[in-house]
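Engineer: Residue numbers (our numbering), protein chains in the order written: chain Z, 1074 to 1556; chain B, 1074 to 1556; chain X, 1074 to 1556; chain H, 1074 to 1556.
Glycine is no exception: its CB is placed at the ideal position from the N, C-alpha and C atoms.
Everything numeric in this text was worked out from a predicted model, so none of it was measured.
The structure under discussion is supplied below as structure tokens; questions concerning it will follow.
Number of protein chains: 4
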Amino acid sequence: MKTREEYIESMRNMHFELYMFGERVTNLVDHPIIKPTMNCMAATYELAEEGKFPQYQDVMTATSHLTGKKINRFCHIHQSAEDLVKKSKMGRLLGAYTGSCFQRCVGMDALNALSIVTYNIDQKYGTEYNKRFLKYLQYIQDEDLVCCGAMTDAKGDRNLRPAEQPDPDQYLHVVEEKPDGIVVSGAKLHQTGAVNSHEIIAMPTRAMREEDKDYAISFALPADAKGIIYIYGRQSCDTRKVDSPNMDVGNVLYGGQECMVVFDNVFVPWEGVFMYKEWDFAYELVEGFASYHRQSYACKSGIGNVIVGICQLLAEYQGIAKASHVKDKIIEMIQLNETMMSCSLACAHEGHKEPSGTYMVNTLLANVSKLNVTRFPYEIAKLAQEIAGGGLVTLPSEKDLKSSKVGDYVAKYLKGAEGVPVENRIRAMRLIEDLTMGLGAVCYLTESLHGAGSPMAQKIMIGRRIDMDKMKNAAKRLCGIKP
Amino acid sequence: MKTREEYIESMRNMHFELYMFGERVTNLVDHPIIKPTMNCMAATYELAEEGKFPQYQDVMTATSHLTGKKINRFCHIHQSAEDLVKKSKMGRLLGAYTGSCFQRCVGMDALNALSIVTYNIDQKYGTEYNKRFLKYLQYIQDEDLVCCGAMTDAKGDRNLRPAEQPDPDQYLHVVEEKPDGIVVSGAKLHQTGAVNSHEIIAMPTRAMREEDKDYAISFALPADAKGIIYIYGRQSCDTRKVDSPNMDVGNVLYGGQECMVVFDNVFVPWEGVFMYKEWDFAYELVEGFASYHRQSYACKSGIGNVIVGICQLLAEYQGIAKASHVKDKIIEMIQLNETMMSCSLACAHEGHKEPSGTYMVNTLLANVSKLNVTRFPYEIAKLAQEIAGGGLVTLPSEKDLKSSKVGDYVAKYLKGAEGVPVENRIRAMRLIEDLTMGLGAVCYLTESLHGAGSPMAQKIMIGRRIDMDKMKNAAKRLCGIKP
Amino acid sequence: MKTREEYIESMRNMHFELYMFGERVTNLVDHPIIKPTMNCMAATYELAEEGKFPQYQDVMTATSHLTGKKINRFCHIHQSAEDLVKKSKMGRLLGAYTGSCFQRCVGMDALNALSIVTYNIDQKYGTEYNKRFLKYLQYIQDEDLVCCGAMTDAKGDRNLRPAEQPDPDQYLHVVEEKPDGIVVSGAKLHQTGAVNSHEIIAMPTRAMREEDKDYAISFALPADAKGIIYIYGRQSCDTRKVDSPNMDVGNVLYGGQECMVVFDNVFVPWEGVFMYKEWDFAYELVEGFASYHRQSYACKSGIGNVIVGICQLLAEYQGIAKASHVKDKIIEMIQLNETMMSCSLACAHEGHKEPSGTYMVNTLLANVSKLNVTRFPYEIAKLAQEIAGGGLVTLPSEKDLKSSKVGDYVAKYLKGAEGVPVENRIRAMRLIEDLTMGLGAVCYLTESLHGAGSPMAQKIMIGRRIDMDKMKNAAKRLCGIKP
Amino acid sequence: MKTREEYIESMRNMHFELYMFGERVTNLVDHPIIKPTMNCMAATYELAEEGKFPQYQDVMTATSHLTGKKINRFCHIHQSAEDLVKKSKMGRLLGAYTGSCFQRCVGMDALNALSIVTYNIDQKYGTEYNKRFLKYLQYIQDEDLVCCGAMTDAKGDRNLRPAEQPDPDQYLHVVEEKPDGIVVSGAKLHQTGAVNSHEIIAMPTRAMREEDKDYAISFALPADAKGIIYIYGRQSCDTRKVDSPNMDVGNVLYGGQECMVVFDNVFVPWEGVFMYKEWDFAYELVEGFASYHRQSYACKSGIGNVIVGICQLLAEYQGIAKASHVKDKIIEMIQLNETMMSCSLACAHEGHKEPSGTYMVNTLLANVSKLNVTRFPYEIAKLAQEIAGGGLVTLPSEKDLKSSKVGDYVAKYLKGAEGVPVENRIRAMRLIEDLTMGLGAVCYLTESLHGAGSPMAQKIMIGRRIDMDKMKNAAKRLCGIKP
């Protein structure tokens, strides 16, 4: 297992073709906008370091079912419901530790979904995807690598299927088959943690029909393979990391990252191909990945810890922590936050074993869990802004506080309760600003809404997974309607 | 274990002093208002009958840790987190089976709480309550009895503590100590399933101080002991059970029940006394019982099954099941319903072992779970009324439908989709009326709100159980505030 | 103008063919279930009595634009935005006075809508409907009569248009044309105040196409005309008015009423026909009536007064009125209630003059107003139940309170704050029960939801009435998109 | 009346002592962060220009009751309820025109409140404040000036009254009385439009007692008077205006502004003093100003137009405008937006005349109106993010779109529906980003929450303004409780 430092060092050796603000970025590791996101990914290594955090070993590490070695849980294939539960708890732990999207769950969810689907494809078609996949998995586990799980295609005209698109690249697809592999083109959007990853794993984004079979592909590649181009997404307040990296940025340690990832005639060797035109398994992979990934949003309960904590703290700084309406708001934030966590735990505890041996969450409850995550963080953020007060959006800058001209005024008039340094009050407000309308809001709010599928995606799956006949029959009996 | 019929027969032998509408009721078992509530309690026996419902044995029965015999789970002391999970599932199963409050969980929760607290009192004071309690428990298990858990006192002036009340009876208390037992007076309000029970178990309703020690008592008695008077509570639409017991009543099989229970100088032998003036354990018993009981509201997810099922059915009857707004409402009902269930499951799965060996739910999550139950059924009921349409409150009576004068008009103009008998449509609407504003609403709505403690009670406990320092520290680190 | 007593006397002379519980009802005026609803209608006369309520003259009466005489505002055609505002205020006044649906607004709204549409039809087709209508209107004004506005048809298969229904009676239609009038058949459902009315005014329930023209009819008739059959709708707790008309019924004075109204080959003389096959005006009449009627839901803010008042009162009785969470709930109830009222006022103030001279509300805002009414009463009712506590559904009956056997127990254990008669506390709880799950809930909740059209009907009209191009253009300019 | 250009020119002549990011700013008019805010203020002049916008004359201008001349409505004292209504409509018009806080209403509300309170003080104390005020008012009207209304003090320890603060400057107060005027010290926080104003009008921030009388002061000064120091507040994404002023900034034309305003021993001549130690009128001024200012939030319905429009547009660009869930969300946004507007209209229409002749809004409804504004924009913003999709927070920058290296990729993979330029789609998303988490969110969300007082301030005033006795009496009568 890699240490935090070893991970960062390993990133120095990657050769991404990355663009940001129209320019090629070469030294990613030290780029002020990328660095906090890399530190955030690094936290998934750091908390697994036995020497540093012995108390988290149980949650952060697991025993490989392939090699029996201790591995980072993010590389693990869930072998029990207990594993699934630990995954939820790991998400919350890291969410609370980073106050951000730590970006590594996508790859874990992709690996687990592939462990099931490659097995099932082999059962039906006599292929050897699973064997190939397990070899790949062992490499990932042994080297303790980050995989970027890439699913969302550009989609072009939403009313057309993949094969019907005027521009075939609107869904990632195979453009050429060669003896030693395939050539693919297309793009994956909104890719979390893309240039903090060692590997990239592509999956189809939707159910496919036979005519779409060129689009029914899944494969893994080094993330800096030739022909993969990354374009960095803007985030609210992104450049504050450059010009005011200290107080004004709110979360002074961590951040998240999304890229547009373009595959421009990229070659994939056969050993990295895990699905190839088995269109009838595309939806299974989508649903499997989506269900795991919806469970993963337990991380938002971790960020919830941070937002509850900072609101309580700020209320104390402002001398209003005992006001009944403040207490009520704090409790409400906890209520929403723990409800989210409970749902993630429930879908894990109620998991089951797939034919491949992998444990899968209860998919109904995983979708219920995520659908709550598309709602509650917005309510929590609103409550946080209520507690914070209007200063949230009118605070002078750190430079004003530290200015010889007006610093004394700022300090004098932003003083809170007795004994509280004004800087603390400002830092607390900036963290709330960050989480509700800045960089942090990107992952706490909008990503909660659309990540792992927008609300409608969860609603559709909930509608499919519910046993409606059972419910109708229960009702019929009670009101005397004959079966 | 008793069968459904044996239970009902056993009730014939009880000699309750019961009043309803100002009159003494003698034959409870055949009284049209009480009968559906007794049938509902009887369902807790019926579903445990191996011959009838082999598929429910795992959920409905357990192995006594005292005798090793198979017992009804309602008499069981939880020996594992798995037991707690099965308890939640049993609640949902019965909620769906009865569409009502089946009334037996209160006693189960009282027994489990007492199994912990009697042990802890003994540890501190060298008493023998636990031994006494276990003897009583074995009797309950062997005879498969229903216990009514009695907690809520009248409370008089809310601003005064028990010992300060001008009328000491506002909290149940000991009025005399005798060689062979104690004499108690007071009342317990809102007692669910009171006259469907074999036994009654009294507990204090709040934390006590030393001066309140006469009020810090817990004991068990036969429910028809001398001096206990029951006054039956009115419910919305209660007399429809008398005058229109068929279609108009909605739920034609089951119902719930609450009584005011007066203890007028009742004698309790020592062998039934489980707490006697150990005021410092009163709150522990309250919190233990409340936490278990808040978990028990999983039953409302069972009623949720019924309300979702009947809405889907009625939408089909009315030919609107495919309308997108109807589908969206149904999914929303499921979302809310499964969120409630998930929370109940989570607090069970995350349970822990108490010194006595009993498993206790995660109290934070149990309160979170119940607080959701105080909200979501109201939203679900509103959605159900939206789907049902205005006919819900303007439907002619069953007698009109069956009348030779106007029956044909009613049938003609209430006809729904092709092939659906008009009676089915009416029955479906009546069940929704029942669950949202009739007898069923009493237990689906108001009881969800106030049963096991009103929302403020849950909020207070959530505030106590959260680890706020952990949250504040997580936040401080991220925004650079020194610890 | 009639007095309250003259109105009731006039009702004695009506010869309705009414059925309830499968039986013909002859003496409606003294029937315990109907009487409170008639008293409620009578309140619309009573508050207009100058001698009794001089303070309400401005709101309750108007000057006829036909005759210049003082008339009851319910018979008035709105001549200004101020008239529309007074209409909203009259609704709230009566809602607060009766705590119920007073049933008379439907006819007022029908008259006003017809005053516009008959004029417009005449303009297009050279007919004389408006003249005929004004003659009828003068009769209504002079005699101070109640009109039942009848719109909602049975509708049969929702996926078929009127002319496509297998059973033509699923929409009210003309079956025969005679020299002196027409013969109609069909039914109108959910007719509020039906057997408290002197006249009935039928209108189409939806937009029509040419093939539906037999269904595009509007007419007025005496409510007890030959061939009209009324079937009384059941309401939650309806029979409590019979068996416990005093305390247990909650609202001891008033109630609402809905009937199924069957037209079985009813003859309508030409002088009562206001639309006859002008199918292209059907939607205009529907929209006009609906918009007026959606404004009318200001009455629910009046009931809101009652529910806010009773909650405050009960909180005082229970000694919890100063608790911050109680105060917060009360404020929230007011907030929701006044928001509803504000919207009704706004659509009135923003009214405009139609070609006929009649003032029409702002239809966009009228729909917005009603859509809030489909939501907020449910929230208010939930808050009321929160304040009331669980006693709401477990209270013993009035007969228990007055019983020599258990009356003392009931009085002792339901005692509230010092000096408050226990009867008052019970009465307050019963009124909350009534308004949230009993008779009152029928009109405060379900009628708020579905009366004047279900939420989807308002949403559709809002979508039609918004000027989306204006909004898109405003947005385009700001973000630099070329027009 | 000034034109847009004359206003901007007049700003060049102001000599503010302004600091931003710790540096003195001299050329405000051309500063990239300030310029959009000044343009926004300028819109209040532009829309009043008869030659440019004849259609808005009625709303944007008024006739001075002092001089009979046409003036900008922002300088007008409301002479009728109709004036109040036009004020609400002016707010919405400008909100829709700028998509931002246009900052000029604060001064208008201060002037109107002072017109009432100076009159009332004179009535009680025989002072001549009103005469002095009217002279000042005429100057403002004649010169068409912007006034910054300054109310919110720093407040120090929230649990202490002004006179009890260890640091007296925590509330603005008089430090010295001179023959020709007074010297004041303190600060006003969150001052909207501060350095876009010609004048500043200070008012007390709360009720005062006699011991606080040095704090009970109100006065007007040129905004660049000696001793007034401005410190510019940071806003989410503020520096995007500098580095990406074109597409990425969302709203490419306008923005809002807040400053901390320090009064460091500032001299105020007597002719600008409108309240001086009349502590018993401090609350009246606060309430009057607050009520007017709460009405002013009609502007947010104008921004609502923009957000509804951009969501509809983006849905069309993305080819999803006909999806039922999208239509439903758009309608919901309209519903919330029009409800806010209706409440602002209602409090205006229901206004009344004060003794001074000025019209005051209905204060209950003004508070109800604002309390909705603290809620609905958050719901609307959430819906907007739902419609926008995840691209909102992962979009590459404008520079990427225009880059020769990756511009083609960006254009190819962000292509929306046929025929829609990709730039339009990006611009639409950026505007939604702006309004929900960027610069626009500052005024659309947080300012809606805390501007004109936080929600608790409105709740308190609602509690005071409701006639609870009337409500209790209505309830008592209905349930038979004796008065």
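(1) Can you check whether the C-beta of residue 1309(Z) is within less than 7 Å of a C-beta belonging to chain X?
(2) Using a Cβ distance threshold of 8 Å, determine whether the segment 1432-1440 of chain H contacts the segment 1146-1157 of chain H, with at least three qualifying pairs required.
(3) Spell out the partners DSSP gives residue 1336(X) in its beta bridges.
(4) Threshold first: 3 residues or longer. Then list the beta strand (DSSP E) segments lying entirely within the segment 1126-1176 of chain B, N to C.
(5) Can you have a look at residue 1477(B) and say buried or exposed, based on whether 16 or more other CB atoms are within 10 angstroms of its CB?
(6) Cα-Cα, which of 1372(H), 1505(H) and 1286(H) is closest to residue 1308(Z)?
(7) What number of angstroms, rounded off, separates the C-alpha of residue 1470(Z) from the C-alpha of residue 1134(H)?
(8) Using 8 Å as the threshold, is the segment 1437-1457 of chain B in touch with the segment 1507-1524 of chain B, meaning 3 or more CB pairs across them?
(9) Going by the C-beta, is residue 1176(B) closer than 6 Å to any heavy atom of the ligand SAM?
(10) Quick check: what's the CA-CA separation for residue 1237(H) versus residue 1525(H)?
(11) Taking the Cβ atom as the reference point for each residue, do residue 1132(H) and residue 1177(H) lie within a distance shorter than 7 Å?
(12) Quick check on DSSP: helix, strand or coil for residue 1264(H)?
(13) Taking only three categories from DSSP, how would you classify residue 1204(Z)?
(14) Kindly list, in the order they appear in chain D, the residues whose Cβ is closer than 9 Å to that of residue 1429(B).
(15) Does DSSP classify residue 1423(H) as helix, strand or coil?
(16) Write down every uninterrupted run of the beta strand (DSSP E) in the segment 1321-1386 of chain B whose length is 3 residues or greater and which is fully enclosed by it, in chain order.
(17) If I'm right that residue 1343(Z) touches residue 1289(Z) with Cβ under 8 Å, what's the distance once you round it to whole angstroms?
(18) Please tell me whether residue 1532(H) and residue 1404(X) are closer than 7 Å, where the distance is taken between their beta carbons.
(19) Under the DSSP definition of a beta bridge, which residues are partnered with residue 1291(H)?
(20) Does chain B have any CB closer than 7 Å to the CB of residue 1176(Z)?
(21) With a threshold of 16 other CB atoms inside 10 Å of the CB of residue 1523(B), please say whether the residue is buried or exposed.
(22) So is residue 1392(Z) in contact with chain B if we call contact Cβ pairs under 7 Å?
(23) Would you call the segment 1492-1499 of chain B and the segment 1110-1119 of chain X touching, i.e. three or more CB-CB distances under 8 Å?
(24) Out of 1205(H), 1075(H), 1257(H) and 1284(H), point me to the one whose CA is closest to residue 1339(H)'s CA.
(25) Touching or not, the segment 1185-1201 of chain B and the segment 1418-1428 of chain B, by the rule of three or more beta carbon pairs under 8 Å?
(26) Mind checking who residue 1251(Z) pairs with in its DSSP beta bridge?
(27) Report all residues from its chain with a CB closer than 6 Å to the CB of residue 1087(H); omit the five preceding and five following residues, and keep chain order.
(28) For the 8 Å Cβ check, are there 3 or more pairs between the segment 1384-1398 of chain X and the segment 1531-1550 of chain X?
(29) What number of angstroms, rounded off, separates the C-alpha of residue 1439(X) from the C-alpha of residue 1371(Z)?
(30) Under 8 Å by Cβ, that's how I've got residue 1330(H) and residue 1107(H) pegged, so tell me the actual separation to the nearest angstrom.
(31) Would you list, in chain order, the members of the segment 1380-1405 of chain Z that have their beta-carbon closer than 8 Å to a beta-carbon of chain X?
Structural biologist: Taking the geometry as given:
(1) As a first step, residue 1309(Z) must be located in the first sequence, where it is residue number 236. Output row for residue 1309(Z): interface = no.
(2) Three or more beta-carbon pairs separated by less than 8 Å link the segment 1432-1440 of chain H to the segment 1146-1157 of chain H, which places the two stretches in contact.
(3) Taking the third sequence and counting its residues from 1, the one referred to as residue 1336(X) is at position 263. According to DSSP, which records beta bridges pairwise, residue 1336(X) is partnered with 1259(X) and 1301(X).
(4) Here the runs fully enclosed are 1134-1136 and 1143-1145.
(5) In the second sequence, counting from the first residue as 1, residue 1477(B) sits at position 404. An exposed status is given to residue 1477(B), since fewer than 16 other beta-carbon atoms sit within 10 Å of its beta-carbon.
(6) Here residue 1308(Z) refers to the residue found at position 235 when the first sequence is read from its first residue. Considering only alpha carbons, the answer is 1505(H).
(7) The residue given as residue 1470(Z) occupies position 397 in the first sequence. The residue given as residue 1134(H) occupies position 61 in the fourth sequence. The alpha-carbon atoms of residue 1470(Z) and residue 1134(H) are separated by roughly 38 Å.
(8) The segment 1437-1457 of chain B is in contact with the segment 1507-1524 of chain B.
(9) Only the bare structure without any ligand can be found here, which leaves the ligand SAM out of the picture.
(10) Position 164 of the fourth sequence, counted from the start, is the residue given in the question as residue 1237(H). Position 452 of the fourth sequence, counted from the start, is the residue given in the question as residue 1525(H). Spanning the two alpha carbons is a distance of roughly 25 Å.
(11) Within the fourth sequence, residue 1132(H) is the residue found at index 59, counting from 1. Within the fourth sequence, residue 1177(H) is the residue found at index 104, counting from 1. Contact: no.
(12) Within the fourth sequence, numbered from 1, the residue matching residue 1264(H) stands at position 191. Under the three-state reduction of DSSP output, residue 1264(H) falls in the strand class.
(13) Taking the first residue of the first sequence as position 1, residue 1204(Z) is located at position 131. Residue 1204(Z): helix per DSSP, three-state reduction.
(14) Going by chain labels, chain D is absent from the structure shown, which instead holds the protein chains Z, B, X and H.
(15) Along the fourth sequence, read from residue 1 onward, the residue named residue 1423(H) stands at position 350. Reduced to three states, the DSSP call for residue 1423(H) is coil.
(16) With a minimum length of 3 residues, the continuous beta strand (DSSP E) runs that stay inside the segment 1321-1386 of chain B are 1331-1342 and 1346-1349.
(17) Counting from 1 along the first sequence, the entry for residue 1343(Z) is found at position 270. Counting from 1 along the first sequence, the entry for residue 1289(Z) is found at position 216. In fact, because the Cβ distance is near 16 Å, the residues do not count as touching under 8 Å.
(18) Counted from its first residue, the fourth sequence places residue 1532(H) at position 459. Counted from its first residue, the third sequence places residue 1404(X) at position 331. Yes, the pair counts as a contact, with Cβ atoms nearer than the cut-off.
(19) On the fourth sequence, residue 1291(H) is found 218 positions in, with the first residue counted as 1. Under DSSP, residue 1291(H) forms a beta bridge with 1348(H).
(20) For the purposes of this step, residue 1176(Z) is identified with residue 103 of the first sequence, where counting begins at 1. Chain B contact via Cβ: absent.
(21) Counting from one through the second sequence, the residue named residue 1523(B) turns up at place 450. A residue is called buried when at least 16 other Cβ atoms come within 10 angstroms of its Cβ; residue 1523(B) meets this threshold and is buried.
(22) Within the first sequence, residue 1392(Z) is the residue found at index 319, counting from 1. It does not; no Cβ of chain B falls within 7 Å.
(23) Taking 8 Å as the limit for Cβ pairs, the verdict is that the segment 1110-1119 of chain X does not touch the segment 1492-1499 of chain B.
(24) Residue numbering aside, residue 1339(H) sits at position 266 when the fourth sequence is read from its first letter. Among 1205(H), 1075(H), 1257(H) and 1284(H), the Cα nearest to that of residue 1339(H) is on 1257(H).
(25) Contact between the segment 1185-1201 of chain B and the segment 1418-1428 of chain B is present, because at least three Cβ pairs lie under 8 Å.
(26) By one-based count along the first sequence, residue 1251(Z) stands at place 178. As computed with DSSP, residue 1251(Z) is found in a beta bridge with 1254(Z).
(27) Against the fourth sequence, residue 1087(H) aligns to sequence position 14. Residues 1297 of the same chain have their beta carbon placed closer than 6 Å to that of residue 1087(H), with the five preceding and five following residues left out of the count.
(28) At 8 Å Cβ cutoff, the stretches do not touch.
(29) Position 366 of the third sequence, counted from the start, is the residue given in the question as residue 1439(X). Position 298 of the first sequence, counted from the start, is the residue given in the question as residue 1371(Z). CA-CA distance, residue 1439(X) to residue 1371(Z), rounds to 43 Å.
(30) Here residue 1330(H) refers to the residue found at position 257 of the fourth sequence. Here residue 1107(H) refers to the residue found at position 34 of the fourth sequence. Under the criterion of beta carbons closer than 8 Å, residue 1330(H) and residue 1107(H) qualify as touching, at roughly 7 Å.
(31) Among the residues of the segment 1380-1405 of chain Z, those with a Cβ less than 8 Å away from any Cβ of chain X are 1397, 1398 and 1401, in the order of the chain.
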